[in-house]
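Read the structure below first, then the notes.
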Amino acid sequence: MLILLTMCRNLLSFIRGTCKCSRSFLRLLDKNVTFHKYIAYMICLQTVIHCVAHIFNVEFLILAWNKGGIYSKLSQLEDIGNETYINPIRDPNADPIAVLFTLASGVTGAVITLALILMISSSTELIRRSYFEVFWYNHHCFVLFYIGLVLHGVQGVIRYQSNVDKHDPDICGKNLTLWYRQEPCLEPPKFVTFGMNTWRWVIGPMFLYLIERSIRFYRSKQPIRVMEVVKHPSNVIEIKMQKKGFTQEAGQYIFLQCPAISRLEWHPFTLTSAPEEDSFSVHIRLVGDWTNALAKLCGYEGKELRHVREMPRLALDGPFGTASTDVFKYSVCMLIGAGIGVTPFASVLKSIWYRHNKEDPDLFVKKVYFFWICPDTNAFEWFTDLLKSLEDQMNECNNADFLEYNIFLTRGWGPNMARDLYLREDEAVDPITHLKQKTRYGRPEWNKIFEGVANKHPKTNVGVFFCGPAGLSHTLHKMANSHSDITSGVKFLYNKENF
Numbered sequence: 001m002l003i004l005l006t007m008c009r010n011l012l013s014f015i016r017g018t019c020k021c022s023r024s025f026l027r028l029l030d031k032n033v034t035f036h037k038y039i040a041y042m043i044c045l046q047t048v049i050h051c052v053a054h055i056f057n058v059e060f061l062i063l064a065w066n067k068g069g070i071y072s073k074l075s076q077l078e079d080i081g082n083e084t085y086i087n088p089i090r091d092p093n094a095d096p097i098a099v100l101f102t103l104a105s106g107v108t109g110a111v112i113t114l115a116l117i118l119m120i121s122s123s124t125e126l127i128r129r130s131y132f133e134v135f136w137y138n139h140h141c142f143v144l145f146y147i148g149l150v151l152h153g154v155q156g157v158i159r160y161q162s163n164v165d166k167h168d169p170d171i172c173g174k175n176l177t178l179w180y181r182q183e184p185c186l187e188p189p190k191f192v193t194f195g196m197n198t199w200r201w202v203i204g205p206m207f208l209y210l211i212e213r214s215i216r217f218y219r220s221k222q223p224i225r226v227m228e229v230v231k232h233p234s235n236v237i238e239i240k241m242q243k244k245g246f247t248q249e250a251g252q253y254i255f256l257q258c259p260a261i262s263r264l265e266w267h268p269f270t271l272t273s274a275p276e277e278d279s280f281s282v283h284i285r286l287v288g289d290w291t292n293a294l295a296k297l298c299g300y301e302g303k304e305l306r307h308v309r310e311m312p313r314l315a316l317d318g319p320f321g322t323a324s325t326d327v328f329k330y331s332v333c334m335l336i337g338a339g340i341g342v343t344p345f346a347s348v349l350k351s352i353w354y355r356h357n358k359e360d361p362d363l364f365v366k367k368v369y370f371f372w373i374c375p376d377t378n379a380f381e382w383f384t385d386l387l388k389s390l391e392d393q394m395n396e397c398n399n400a401d402f403l404e405y406n407i408f409l410t411r412g413w414g415p416n417m418a419r420d421l422y423l424r425e426d427e428a429v430d431p432i433t434h435l436k437q438k439t440r441y442g443r444p445e446w447n448k449i450f451e452g453v454a455n456k457h458p459k460t461n462v463g464v465f466f467c468g469p470a471g472l473s474h475t476l477h478k479m480a481n482s483h484s485d486i487t488s489g490v491k492f493l494y495n496k497e498n499f
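Here it is as C-alpha cells:
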C-alpha cells in the first residue's frame, strides 16, 4: 500500500540525506504529499467501483437461484464441510440490503467506506488550515480502514474450484445431465475459499509505518528545553528551544506536541532558525484551537509571558527534509514565498548569510533573488524584522549585492494609502516595511523577472524554490521551463515546497 509509504517521513528523510541520486529523483521525494493525495483519489475511485460491483454481485447471486441452467445448479450445491458451495447466499428469497450488511465483506466494507469518507471529507484545504484538529483526528480513521481491509475476506465469499481433475468445468458445465452419472462428472464440484490474503500486501508498508510511529514515540519522550518565548505582533509567538542531539538543515520542519493540550495531536511547523545558531526556533501564528491553547499556556494573554521554567512541556518529532535544503546546490537561487509560504525561507536566508559572512569555502551560492508576495505584511512583521537584520548586516559588510529582495503587496492598500506612499517616495526607507528596498504594489511580472535573471546569469543552473498556492506554482513552473534556453545555457530548475 503505497499510501502509507508516502507518510513515512523519517524513511524519506533518510533516503534524501543518504542517497546520491539525481536531482529529479530527489524532487520526486519532495512530492510525497502530492503522491499521497493522488493515491487517495485513486483509492476513492476504486472504492466506488468496488462497492457498485458488490451491490450488483449480491443481486446477481440471489437471482442465480432461479435463473436456471448452470447458475441454478451451482447455487443449489449443498454445503458439505464448507467445501462444496460457491454461492454464499443460501436463501433464494433473501433481501439484498440485508445480505449486504450480514456478509463479513459487507460489514467490513461499510467500515472501510465510512472511514474513507471521514478522512477525505476532513482533508480539504479549509479544514486543514483552520481546523487542523478535525483533520488530524479524522485521519486516524486509517486504523479502522486497515483493520477492515485485512478482515474483508475473512468469510471467503470469493471461491475457486479445487477438484478440476475430478469434475471438468468445460465438459460438465455444458452438459448438466452427466452430473453424478458419468466421468468426468461423477463427483460434484468443490469450491474452497482463497483465504485472507490482503495482509500479504499491507504487512510491509504497515511494518515500516509502525517503525515510523515508534521513532516518533521515542523522540516524544526526549526532553526539550524551552530557552525563550518571544511575543511578536499580529498574533505570532516564537519559541526557541534546545534538545540534546538535535541537528537541522536549512528549510526543514518539525512536528510539535503539547501533552497538556492533547497527547494525540502533532502539528507541523517550519524551523525558522539556521543550523548555525545555538538553538532552534519556530514561529507560530495563532489560528485554530491548538495554537491558541498553546499561547494561553505560555501566558500570551497576560502582560508578560511566563518564565521559561513555567512553560508547558513540548514533544518533538523531526526534523524532516524538504526541497529547500537543495538551495546550497546552486550558485544562483530564486526564493519565492507567497503569504504564509514565506516561512521556510527564514531559515534558508539566515543560513546562507551566516555561511557567506564566514566565507565558508563549501558555500556554492553566489547570488540570491528573494521574492515575497503577500496581501498584508502586518501578518508577518517578524519576517520583516528578519529582512531588516539581514539588510543591516549586509550593509556593514559592504556586501549588499549578495541578496536582492523584492516585496510585493497585492492588496490592503487604497487611494489614500497610495497617495501617502507617493508623497513619501523619496524617503530613505520604505514607509511600510522600514526596509531600504521599497515595497512594490500589485503582482510581479514573472516573464520580465525570469528574463532578467536569465540575461544576468548565462550558462548557469538557477534553482527556483517556491512555497505558496498551487495556482502560482503552476505559473512559476511554466516560466522556469519556458525561460530555460539551450543556446544561452541558462536552465531554471523548479522546486516546490509542500507547506
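In full-length UniProt numbering, the protein residues as written are 1 to 499.
No residue lacks a Cβ here, since even glycine has one placed at the ideal position from N, Cα and C.
The straight-line gap separating the alpha-carbon atoms of residue 65 and residue 143 is approximately 38 angstroms. In the DSSP assignment, residue 238 falls within the beta strand (DSSP E) that extends over 236-242. Under the three-state reduction of DSSP, residue 89 is assigned to coil, being neither helix nor strand.
According to the DSSP secondary-structure assignment, residue 317 is paired through a beta bridge with 255. Rounded to the nearest whole angstrom, the C-alpha separation of residue 128 and residue 4 is 19 angstroms.
Under the 10 Å beta carbon count, residue 267 is surrounded by 16 or more other beta carbons and is classified as buried. Contact between residue 463 and residue 493 holds, with the beta-carbon distance rounding to 6 angstroms and staying under 8 angstroms. As for any alpha helix (DSSP H) of minimum length 4 sitting wholly inside the stretch 37-73, there is none. Exposure of residue 42 is indicated by the presence of fewer than 16 other C-beta atoms within 10 angstroms of its C-beta. Annotated as proximal: residue 281 and residue 238, with beta-carbon spacing under 7 angstroms. Residue 338 is bridged by DSSP to 373. The beta carbon of residue 9 sits closer than 6 angstroms to the beta carbons of 320 from its chain, once the five residues preceding and following it are set aside; these are given in chain order. For residue 447, the closest C-alpha among the options 458, 478, 465 is that of 478.
Under the DSSP assignment, residue 217 falls in the alpha helix (DSSP H) whose first and last residues are 198-220. Following the DSSP letters along the chain, one finds residue 21 in no beta strand (DSSP E), marked with neither H nor E.
Taking 7 angstroms as the cut-off, the Cβ atoms of residue 122 and residue 132 do not count as close. The Cβ-Cβ distance between residue 409 and residue 439 falls below 7 angstroms. Counting along the chain, residue 467 sits inside no alpha helix (DSSP H); it lies in the beta strand (DSSP E) bounded by residues 461-467.
In the DSSP assignment, residue 161 forms a beta bridge with 191. Within the DSSP bridge table, the entry for residue 408 names 373, 440 as partners.
In the structure shown, residue 78 adopts coil according to DSSP, grouped into three states.
In this structure, residue 226 sits near residue 308, with a CB-CB distance shorter than 7 angstroms. If you look at residue 128, you'll find it in the alpha helix (DSSP H) that goes 125-130.
The Cβ-Cβ distance between residue 168 and residue 188 does not fall below 7 angstroms.
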